[in-house]
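The next block holds one structure in the form of structure tokens; read it before the comments.
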């Protein structure tokens, strides 16, 4: 019988070219796809595990190339909140919803928006 076809790259959805793997979870992708992805976020697109390098050009269990990914510090730093921008955003984007807030909270939000036109 036939074996199952090789898995496609979950990034481009095509057949994997220059098969590569993350060093953390070993999920498989095209090298170029994973390299491009890692420049935005070094996190597996499938399972969200962070990775430090991309294993590629695999010739055997002991012969392969490893590309170290540039580590970005993604620690959230508190930023000042511009109330005017929030008020403008809520004015532009209003969605009808079935969510209802208690009257006290609704009034508080209305007051906040009135003070920051």
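Residue numbers (full-length UniProt numbering): 1 to 117.
Ideal placement from N, C-alpha and C gives every residue a C-beta, glycine not left out.
Because the structure is a prediction, the values reported are computed rather than measured.
In the three-state reduction of the DSSP assignment, residue 32 falls in the helix class, which pools H, G and I.
Two segments are said to touch when three or more pairs of C-beta atoms, one from each, lie closer than 8 Å; by this definition the region 25-33 touches the region 47-64. The criterion of a C-beta distance shorter than 8 Å is satisfied by residue 33 and residue 9. In the displayed model, residue 39 falls within a helix according to three-state DSSP.
Per DSSP, the beta bridge partners of residue 56 are 20 and 65. If you draw a straight line from the Cα of residue 53 to the Cα of residue 6, it comes to about 23 Å. A straight line joining the alpha-carbon of residue 22 with that of residue 40 spans about 15 Å. Listed in chain order, the non-local C-beta contacts of residue 16 below 8 Å within the same chain comprise 6, 7, 8, 9, 28, 29 and 30, local neighbours out to five positions each way being set aside.
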